[in-house]
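Enquirer:
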Amino acid sequence: MQTIDWNDFTKVELRVGRITAAEPFAEARKPAYILQVDFGPEIGTRKSSAQITALYTPEQLLGRLVVAVVNFPPKQIGPIMSECLVTGFHNSDGHVTLCIPEHDVALGTRLL
């Protein structure tokens, strides 16, 4: 494992957002959803592609809090421009489970 220093870590903007829309990403090479995530008034709503279809339906995602990296440059993924990276972990079956706050947190709150 490569080590980083505190300054490296502070460059990553990990923020809490709420999923406000989730729809199947039909053009994706691997099954995925297009998510709209609201990070509050300072950051606004950002779009992301997420390969989380094995464990979540679009209906289960609506209103859910997530943790995402918001300071990566936008990335073209097929026909959409991804504006944040929603975080998660691979479980023992290789499916992604979301990294989520255990309790309510204000939108846009930064992980430190």
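Residue numbering for the sequence shown follows the UniProt record's numbering, beginning at 1 and increasing consecutively. We treat Cβ as the ideally placed atom computed from N, Cα and C, and that holds for glycine.
Flag this pair as yes or no: are the beta carbons of A68 and S48 separated by less than 8 Å?
Expert: Taking the sequence shown and counting its residues from 1, the one referred to as residue 68 is at position 68. Taking the sequence shown and counting its residues from 1, the one referred to as residue 48 is at position 48. Yes, Cβ-Cβ distance for A68 and S48 is below 8 Å.
Enquirer: Quick check: the Cα distance between P31 and R15, rounded to an integer number of angstroms?
Expert: Taking the sequence shown and counting its residues from 1, one reaches residue 31 at position 31. Taking the sequence shown and counting its residues from 1, one reaches residue 15 at position 15. Answer to the nearest angstrom: the Cα atoms are 25 Å apart.
Enquirer: With DSSP run on the structure shown, which of helix, strand or coil describes P58?
Expert: For this step, residue 58 is matched to residue 58 along the sequence shown. Note: P58 maps to helix in three-state DSSP.
Enquirer: Using a Cβ-Cβ cut-off of 6 Å (strictly less than) and excluding sequence neighbours within five positions of L98, which residues of its own chain qualify?
Expert: Numbered from 1 along the sequence shown, position 98 holds the residue referred to as residue 98. Contacts found: V66, G88.
Enquirer: So the candidates are Y33, I34, R110; which of them puts its Cα closest to the Cα of I100?
Expert: Position 100 of the sequence shown holds residue 100. When each option's Cα is compared against that of I100, the closest is R110.
Enquirer: Locate the alpha helix (DSSP H) running through F9, then write down its first and last residues.
Expert: Against the sequence shown, residue 9 aligns to sequence position 9. Per DSSP, F9 belongs to the alpha helix (DSSP H) from 6-10.
Enquirer: Using CA coordinates, which residue listed in A54, T3, A50, E59 is at the minimum distance from I80?
Expert: As a position in the sequence shown, residue 80 is number 80, starting the count at 1. Among A54, T3, A50, E59, the Cα nearest to that of I80 belongs to A50.
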